[in-house]
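First up is the structure itself, then whatever we jot down about it.
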Amino acid sequence: MQLGKLALAATAAAALAACGGSSNDDAPQGPTFKLEITSTEAFPGSYGEVGEYERLTGTLSGEVDPKDPRNATIQDLALAPTNANGMVDYKAEFVMLKPRNMAKASGVLRYDAPNRGNILTMLNPTATPSDAVYLERGYVMLYSAWQGDVPKSNPARLTVTVPVARNPDGSSITGPYRAELVPTVASPSMALPGGVFNGSMIPYEPASLDNTQPGYSLTRRANETDARIPVPASDWKFATCDTGDNSFPGKPSPTSVCLKGGFDPAYLYELVYMAKDPKVMGVGLAALRDTVSFFRSKAADSGGTPNPLAGHITHTLGQGTSQSGNAMKTFLHLGFNQALDGGKVFDGLFAHVAARQTHINTRFAVPGGGGGLRTDHTAFGQTAPRGLDKDYRDDVSGRQGGVMKRCAATDTCPKFFLGLSGTEFWQLQGSPVLTDAHGTKDLEQPENSRIYYYASTQHGGAGGTASISYAPARATYPSGTVVHFNDTFRALFLNLEDWVVRGTLPPASQVPRIDDGTLVRPEALTFPAMKGLTWAVNGVQTPIPEFNYRGLYNNFPLFDFGPQYIPQDESGIATILPPRDLGRDYAIMVPQVDGSTGLTRAGIRSVEARAPLGTSIEFNYVATPGITDLANLAGSYIPFHKTRNARLAAGDTRPSLEELYGDQAGYVAAVTQAANALVQQRFLLPRDAELQIARAKATAVLP
Numbered sequence: 006m007q008l009g010k011l012a013l014a015a016t017a018a019a020a021l022a023a024c025g026g027s028s029n030d031d032a033p034q035g036p037t038f039k040l041e042i043t044s045t046e047a048f049p050g051s052y053g054e055v056g057e058y059e060r061l062t063g064t065l066s067g068e069v070d071p072k073d074p075r076n077a078t079i080q081d082l083a084l085a086p087t088n089a090n091g092m093v094d095y096k097a098e099f100v101m102l103k104p105r106n107m108a109k110a111s112g113v114l115r116y117d118a119p120n121r122g123n124i125l126t127m128l129n130p131t132a133t134p135s136d137a138v139y140l141e142r143g144y145v146m147l148y149s150a151w152q153g154d155v156p157k158s159n160p161a162r163l164t165v166t167v168p169v170a171r172n173p174d175g176s177s178i179t180g181p182y183r184a185e186l187v188p189t190v191a192s193p194s195m196a197l198p199g200g201v202f203n204g205s206m207i208p209y210e211p212a213s214l215d216n217t218q219p220g221y222s223l224t225r226r227a228n229e230t231d232a233r234i235p236v237p238a239s240d241w242k243f244a245t246c247d248t249g250d251n252s253f254p255g256k257p258s259p260t261s262v263c264l265k266g267g268f269d270p271a272y273l274y275e276l277v278y279m280a281k282d283p284k285v286m287g288v289g290l291a292a293l294r295d296t297v298s299f300f301r302s303k304a305a306d307s308g309g310t311p312n313p314l315a316g317h318i319t320h321t322l323g324q325g326t327s328q329s330g331n332a333m334k335t336f337l338h339l340g341f342n343q344a345l346d347g348g349k350v351f352d353g354l355f356a357h358v359a360a361r362q363t364h365i366n367t368r369f370a371v372p373g374g375g376g377g378l379r380t381d382h383t384a385f386g387q388t389a390p391r392g393l394d395k396d397y398r399d400d401v402s403g404r405q406g407g408v409m410k411r412c413a414a415t416d417t418c419p420k421f422f423l424g425l426s427g428t429e430f431w432q433l434q435g436s437p438v439l440t441d442a443h444g445t446k447d448l449e450q451p452e453n454s455r456i457y458y459y460a461s462t463q464h465g466g467a468g469g470t471a472s473i474s475y476a477p478a479r480a481t482y483p484s485g486t487v488v489h490f491n492d493t494f495r496a497l498f499l500n501l502e503d504w505v506v507r508g509t510l511p512p513a514s515q516v517p518r519i520d521d522g523t524l525v526r527p528e529a530l531t532f533p534a535m536k537g538l539t540w541a542v543n544g545v546q547t548p549i550p551e552f553n554y555r556g557l558y559n560n561f562p563l564f565d566f567g568p569q570y571i572p573q574d575e576s577g578i579a580t581i582l583p584p585r586d587l588g589r590d591y592a593i594m595v596p597q598v599d600g601s602t603g604l605t606r607a608g609i610r611s612v613e614a615r616a617p618l619g620t621s622i623e624f625n626y627v628a629t630p631g632i633t634d635l636a637n638l639a640g641s642y643i644p645f646h647k648t649r650n651a652r653l654a655a656g657d658t659r660p661s662l663e664e665l666y667g668d669q670a671g672y673v674a675a676v677t678q679a680a681n682a683l684v685q686q687r688f689l690l691p692r693d694a695e696l697q698i699a700r701a702k703a704t705a706v707l708p
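When we follow my numbering, the leftmost residue of the sequence shown carries the number 6, and every step to the right adds one.
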């Protein structure tokens, strides 16, 4: 009996040590990590041989050691409050889907990074039946928070609590901060933090509500390239004035700006002020690192609470889409794929439609933002290296070292997929990942990476003709692309799993290239004539304007944010706001189009691109008079004429449906051929191919 107690004690001590604790009260204590599961509920459905799943919800409370060199990249960590153990605290929310019977789990843990905390896009096989493939394969699905400015008031979002940096004497840290206020309708006041994508995030409050102090300004302009027009301090205040009689100057508020006469949607407003209390936002990346490491390999937390996945995880895959995909690249770039035990956090990473990095590790960081011609063009998220290779050289800035420089030094690089839609080229400055900084030659990518370009697509959306909408007052052409990448992504993710788990090499990168003429300067594009078409708007057939290529794209200048900013790491402290344009631009290249159909030539051409019903264009134009911009993250679609006679009469040079397919049977045959070819190339799952063919049979295209 005594031996049993000794063995049990030894086992408990080993488990505690494995979690960073110690059985010796006098021994040095590492960071603690505590798991709390607040609910366990059945997840609808049953999934092949794996059977039923359950959904776990809870929190993860951890510590970050400010003296550990693996945390040295975190901006302002040394200024974060510490607890009695000298550690910096955080607390993150999570949701997990796991097989009810973990003996049926495959050993793969997939982490999906929430986009601005949003879990509404969590795996939903009811809405997207094909997504059931992940559960049928026995995945554990994990969603945990990494972004520290997500408001706790919204139950549909996952939040992480990160510390606020303080001066050594405990006083508030202050510094310059910039926000863009972009009204879509006339409004007497606008809430902070502003921006197209971050309006619902927690703002940084001004150090003072007195806007007459140095460092405070409000300007307006129609387009970002226009001269800034100062708004007198007497005409705006930190206040709300959208209640009662809307009287200016309104009620003082640190989270809103009131403008005399109101905000006009014809203008872009830029606000600069002295902010206070910066969050140590980079702690969210450490929280993610330690969360995945715990679920991957620990038996129990620091208090002995068992890990519900203990002993069942052999491989980890991470995925982020758009903003959260940028975050995954930043996670890798800043060295967080090295776990505290020296091993890898993720064996595989997929940064999906993610051309940039995320502004998470600067003082007064805002880990969101987008980027167009009119808005966020000079925002953070653009200065860190685009090249993946550890030896990448940036000849515009003179800096060297790519996204994988740190992980290469610690032998912790994952297998890496990067996915790019057309939007990433036109609006989000994506081509520098493929070329040298001057756009003169193609880059050779690291052996552990693949880059996949989804031809003729916009940044997101369901695809198909049902997804197309048309509001002529907002966008010049019908909005959306029929071509999409949703089916492609599923197939690629399973390729990533096969590469990581089984060593099966994935398909080669599929990208446009300079050396074969499929990646060119925007002015080199020549589209076919597209005219004489209509689109139903509120039940009325409305003429679509003849397509007029304007050559608009988002260029990529080199900016100076001040001497305390670390551009190669997207870190540090920005002291020059707005930043100074240094007069050196990176080359922006775009995919070349086919002169017959207007669809792009390179990349993964999905079923809708191989058997098209019209031209999916990777950009659209804002229709508001006086504003020169691309429609935000949106493409456009102009259908083909049905008959040869109709297109000739209209002067449209693209082939008609009649010329492409002959009749309905010809269209179905073309879809079938395209789907089967994509399955063979491992860019489409057989179940999605069957759905595509069935959809073609049910869609009346021709008699």
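Ideal placement from N, C-alpha and C gives every residue a C-beta, glycine not left out.
Source: prediction; values computed, not measured.
Query                                                                                                                                                                              : Result
Determine the extent of the alpha helix (DSSP H) in which M333 is found, giving its start and end residues.                                                                        : 328-338
Would you mind stating whether G619 and Y591 have Cβ atoms separated by less than 8 Å?                                                                                             : no
Pick from T37, N123, Q669, V285: whose alpha carbon is nearest that of A703?                                                                                                       : Q669
If you pair each beta-carbon of the segment 97-112 with each one of the segment 149-158, do three or more pairs fall below 8 Å?                                                    : yes
On a Cα-Cα basis, can you pick out the residue from N76, P104, A89 that is closest to P49?                                                                                         : P104
Starting from S753, follow its DSSP beta bridges and name the residues at the other end.                                                                                           : It is not possible to answer for residue 753, since the shown part of the chain is limited to 6 through 708.
May I have a chain-ordered list of the alpha helix (DSSP H) segments no shorter than 4 residues that lie completely inside the segment 419-504?                                    : 428-431, 491-502
If you drop the 5 nearest sequence neighbours on each side, which residues of the same chain put their C-beta closer than 6 Å to that of A639?                                     : Q463, S484, N625
Please determine, among C246, M279, L273, G220, the residue with the shortest C-alpha to C-alpha distance to P211.                                                                 : M279
Would you report the Cα separation of L273 and A360, rounded to the nearest angstrom?                                                                                              : 24 Å
Going by DSSP in three states, G348 sits in which element: helix, strand or coil?                                                                                                  : coil
Is it buried or exposed for D693, if we count other Cβ within 10 angstroms and need 16 for buried?                                                                                 : buried
Note down the Cα distance separating E141 from Y58, rounded to an integer number of angstroms.                                                                                     : 10 Å
When the Cα atoms are used, what is the spatial distance from I178 to F430?                                                                                                        : 38 Å
Where does E91 land, buried or exposed, given buried means 16+ other C-beta within 10 angstroms?                                                                                   : First, the amino acid is wrong: residue 91 is Gly here, not Glu. Under this definition G91 is an exposed residue.
Would H364 be called buried (16 or more neighbouring beta carbons within 10 Å of its own) or exposed?                                                                              : buried
Leaving aside the five residues before and after Q686 along the sequence, list all residues of the same chain whose C-beta is less than 8 Å from its C-beta, in chain order.       : P512
Classify I698 as helix, strand or coil using the three-state DSSP reduction.                                                                                                       : helix
Using a Cβ-Cβ cutoff of less than 6 Å, which residues in the same chain neighbour L128 once the five nearest sequence positions on both sides are dropped?                         : D136, M146
What does the alpha-carbon distance come out to for the pair K303 and Q569?                                                                                                        : 39 Å
By the three-class DSSP mapping on this structure, what secondary structure does V93 have?                                                                                         : strand
As a quick exercise: from K72, S44, Y144, A291, pick the residue whose alpha carbon is nearest that of V167.                                                                       : A291
Could you work out which residue in D295, L339, S51 is closest to E575 when comparing CA atoms only?                                                                               : L339
Around the Cβ of D586, are there at least 16 other Cβ atoms within 10 angstroms (buried) or fewer (exposed)?                                                                       : exposed
What's the gap between the Cα of P562 and the Cα of R404?                                                                                                                          : 15 Å
Check A32 in the structure and name its three-state DSSP category.                                                                                                                 : Note on A32: pLDDT 43, under 50, position unreliable in the model; no value is reported.
Could you name the residues of the same chain whose beta carbon sits closer than 6 Å to that of P428, not counting the 5 residues immediately before and after it, in chain order? : Note that residue 428 corresponds to Thr in the displayed sequence, not to Pro. For T428, where only same-chain residues beyond five positions count, the Cβ hits under 6 Å are Q463, H464, L638.
For I234, is the classification buried or exposed, using 16 other Cβ atoms within 10 angstroms of its Cβ as the cut-off for buried?                                                : exposed
Just list the residues that DSSP pairs P235 with in beta bridges.                                                                                                                  : T224
Is it true that the segment 598-613 meets the segment 672-686, where meeting means three or more beta-carbon pairs spaced less than 8 Å apart?                                     : yes
Considering just the uninterrupted stretch of the alpha helix (DSSP H) at G671, what are its terminal residues?                                                                    : 669-685
In three-state DSSP terms, what is F552?                                                                                                                                           : coil
At which residues does the alpha helix (DSSP H) containing F739 begin and terminate?                                                                                               : As shown, the chain starts at 6 and ends at 708. That puts residue 739 outside it, with no answer to give.
Please classify V706: is it buried, with 16 or more other beta-carbons within 10 angstroms of its beta-carbon, or exposed?                                                         : buried
May I ask you to report which of helix, strand or coil DSSP gives G26?                                                                                                             : Interpretation of G26 is limited by its pLDDT of 42, a score under 50 that renders its predicted location unreliable; no figure is taken from the coordinates.
Measure from the alpha carbon of G258 to the alpha carbon of each residue in G466, A332, W241, then state which is nearest.                                                        : It should be pointed out that residue 258 corresponds to Ser in this sequence rather than to Gly. Per the Cα distances, W241.
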